[in-house]
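Take a look at the structure set out below.
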Amino acid sequence: MHDSEALAREVIARCQTLASFSEDPGSIRRTFLSPPMRECHREIARWLVPLGVTSKLDAVGNLRMLYPAVDQDAPRLLIGSHLDTVPNAGAYDGILGVVLAIALLSAINGRTLPFAIEVVGFSEEEGVRFSTPFIGSRALVGSLDEELLSRQDARGVSIRQAIADFGLNPAEIPQAAVHEGVLGYVEFHIEQGPILENARRPLGVVEAIAGQHRLEFTFVGHANHAGTTPMNLRHDALAGAAEWISAVERRAQDTSGLVATVGSIQAKPGAVNVIAGETRLSLDVRHQYDQEWKRAVDYFVSRAEDIAKRRGLSVRSNVLMDQPAVAMDPFLVRHVDEAVRRAGCEPYRMVSGAGHDAMIMAEKVPSAMIFLRTPGGISHDPAESVEVGDVAKAIDCGVHLLDQLASSSDFQSGFPRKKQHA
Ligand SMILES: [Zn+2]
Numbered sequence: 079m080h081d082s083e084a085l086a087r088e089v090i091a092r093c094q095t096l097a098s099f100s101e102d103p104g105s106i107r108r109t110f111l112s113p114p115m116r117e118c119h120r121e122i123a124r125w126l127v128p129l130g131v132t133s134k135l136d137a138v139g140n141l142r143m144l145y146p147a148v149d150q151d152a153p154r155l156l157i158g159s160h161l162d163t164v165p166n167a168g169a170y171d172g173i174l175g176v177v178l179a180i181a182l183l184s185a186i187n188g189r190t191l192p193f194a195i196e197v198v199g200f201s202e203e204e205g206v207r208f209s210t211p212f213i214g215s216r217a218l219v220g221s222l223d224e225e226l227l228s229r230q231d232a233r234g235v236s237i238r239q240a241i242a243d244f245g246l247n248p249a250e251i252p253q254a255a256v257h258e259g260v261l262g263y264v265e266f267h268i269e270q271g272p273i274l275e276n277a278r279r280p281l282g283v284v285e286a287i288a289g290q291h292r293l294e295f296t297f298v299g300h301a302n303h304a305g306t307t308p309m310n311l312r313h314d315a316l317a318g319a320a321e322w323i324s325a326v327e328r329r330a331q332d333t334s335g336l337v338a339t340v341g342s343i344q345a346k347p348g349a350v351n352v353i354a355g356e357t358r359l360s361l362d363v364r365h366q367y368d369q370e371w372k373r374a375v376d377y378f379v380s381r382a383e384d385i386a387k388r389r390g391l392s393v394r395s396n397v398l399m400d401q402p403a404v405a406m407d408p409f410l411v412r413h414v415d416e417a418v419r420r421a422g423c424e425p426y427r428m429v430s431g432a433g434h435d436a437m438i439m440a441e442k443v444p445s446a447m448i449f450l451r452t453p454g455g456i457s458h459d460p461a462e463s464v465e466v467g468d469v470a471k472a473i474d475c476g477v478h479l480l481d482q483l484a485s486s487s488d489f490q491s492g493f494p495r496k497k498q499h500a
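All letters in the sequence shown, in the order written, are residues 79 to 500 by this note's numbering.
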């Protein structure tokens, strides 16, 4: 039997070690195929030696680590997360999922399972360098197209060029894609929010990853003199926008599971003594169920039109992003529930408000996600942390999950995949 506390302490220490490979002195920043990513790969490869696990980089720089089954042609289960970070990052977002997967290989201690385990350290998830997230997982599902590969970073280097500069061959990207022999994808990740901490639960079972819908609204009125224009003769685009923001907040507060955020506002001409003639606002709307966010967006558009009409303004809106909600695989989710229970925790079902590699992987492969409680809900910040006890519970959960799947003929026959596509 493995010592999960000792493994958990090692996981945390290893996350801290990887945090030292950074583009910025004094803080963590490791973007797609940056030089510190190479040091990160080298360090991880060192940990794999005693496990007898080999690693290689695929053509987009994902670190692929194979723990074989007895049968060379056995199907495989993927477990992973991402190795890139945001600027001024914490040590655990993404990284923990990769390091924890490697700890699971230590925990099963040389046992062979009826399926191989491939640990994946995705090269890019955060979208920092190219303003395009999920480059790593998109390669696995085969959705990295020409248009994406020609996107450029701030210095004018394309994704394709960045791949070549790192010594990889963009022509080999199709070989990075997963094929029929992949049974599923499991991702451990910190929650990055306060829900588990508030519920006093160490682990969360992700049922779905919420869709993300971003729109831009522009209210147009008449700019005019702040001193000479009486209140009843104004067409104030900023006051109209303010009324609408309050309506957005109220609706989201009153709708279970809905979050809606106006995070950015620009008023023109933007002077202290001029009534705003135009206001541009961002709107981000998320819900687990597509019908719910759609209903909310329809409401937000019609409220904007009502408010504009009453105030003698005009309003237009356009969609910037439309990412549907992604359900995790029900078969795997039930097994994760059971594994969490066997690890001594009460399963806590939840929806991920943030996007993750599992969202992309789910397009091709039955996928599941386990969240770890995030102290203070703090993430994307150097203060990001995890509790040793929670990491130990996650390791126990992972070992139970592997045992359960190893004794499930339904899982190994690819039953969940067929079921998902039924
Ligand atoms: Zn992440």
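Beta carbons: idealized from backbone N, C-alpha and C, even for Gly.
Classified as exposed, residue 350 has fewer than 16 neighbouring CB atoms from the shown chains inside 10 Å of its CB. Here the stretch 87-99 makes contact with the stretch 459-471; the two share three or more CB pairs at distances below 8 Å. Taking 8 Å as the cut-off, the Cβ atoms of residue 179 and residue 146 do not count as close. Contact between the stretch 141-160 and the stretch 195-206 is present: three or more C-beta pairs spanning the two stretches fall below 8 Å. Burial state of residue 336 is buried, judged by a 10 Å Cβ sphere holding 16 or more other Cβ atoms.
Residue pairing from DSSP places residue 400 in a beta bridge opposite 291.
Closer than 7 Å to some heavy atom of ligand 1: that describes the Cβ of residue 160.
Secondary structure at residue 152: coil, using DSSP grouped into helix, strand and coil. No heavy atom of ligand 1 is found nearer than 7 Å to the CB of residue 459. Using a cutoff of 7 Å, the CB of residue 171 counts as near ligand 1, since one of the ligand's heavy atoms is closer than that. The C-beta separation of residue 227 from residue 238 comes to about 4 Å, placing the pair in contact by the 8 Å criterion. In this structure, the beta-carbon distance from residue 474 to residue 421 falls below 8 Å. CA-to-CA, the gap between residue 391 and residue 324 works out to about 17 Å. With a cutoff of 7 Å, residue 294 does not count as near ligand 1, since its C-beta is closer than that to no heavy atom of the ligand. Taking C-alpha positions only, residue 347 is separated from residue 354 by approximately 6 Å. Assigned with DSSP and collapsed to three states, residue 333 falls in coil, not helix or strand. Residue 260 carries a strand assignment under DSSP once its states are collapsed to helix, strand and coil. For the set 140, 266, 277, the Cα lying nearest the Cα of residue 424 is the one of 277.
The beta carbon of residue 177 sits closer than 6 Å to the beta carbons of 89, 92, 93 from its chain, once the five residues preceding and following it are set aside; these are given in chain order. Of all C-beta pairs linking the stretch 182-190 to the stretch 214-230, fewer than three are shorter than 8 Å, placing the two stretches out of contact. DSSP, read as helix, strand or coil, puts residue 412 in helix. For the 8 Å CB-CB criterion, residue 192 and residue 484 form a contact.
Residue 448 carries a strand assignment under DSSP once its states are collapsed to helix, strand and coil.
Residue environment: residue 398 is assigned as exposed (fewer than 16 neighbouring CB atoms within 10 Å of its CB, all protein chains considered).
No Cβ-Cβ contact shorter than 8 Å links residue 452 with residue 172.
Membership of residue 215 in any beta strand (DSSP E) is not indicated; the residue belongs instead to the alpha helix (DSSP H) covering 213-219. Within the chosen limit of 7 Å, ligand 1 does not reach the beta carbon of residue 478 with any heavy atom. Straight through space, the alpha carbons of residue 252 and residue 218 are spaced by roughly 8 Å.
The stretch 101-183 contains, as complete alpha helix (DSSP H) runs of 4+ residues, the segments 113-126 (chain order). Secondary structure at residue 428: strand, using DSSP grouped into helix, strand and coil. Taking the CA atoms as reference points, residue 230 sits about 9 Å from residue 209. The C-alpha of residue 259 is placed about 56 Å away from the C-alpha of residue 318. In this structure, the C-beta of residue 267 approaches ligand 1 to less than 7 Å from one of its heavy atoms. In this structure, the alpha-carbon of residue 383 lies about 48 Å from that of residue 248.
With a cutoff of 8 Å on beta-carbon distance, residue 411 and residue 446 are scored as near each other.
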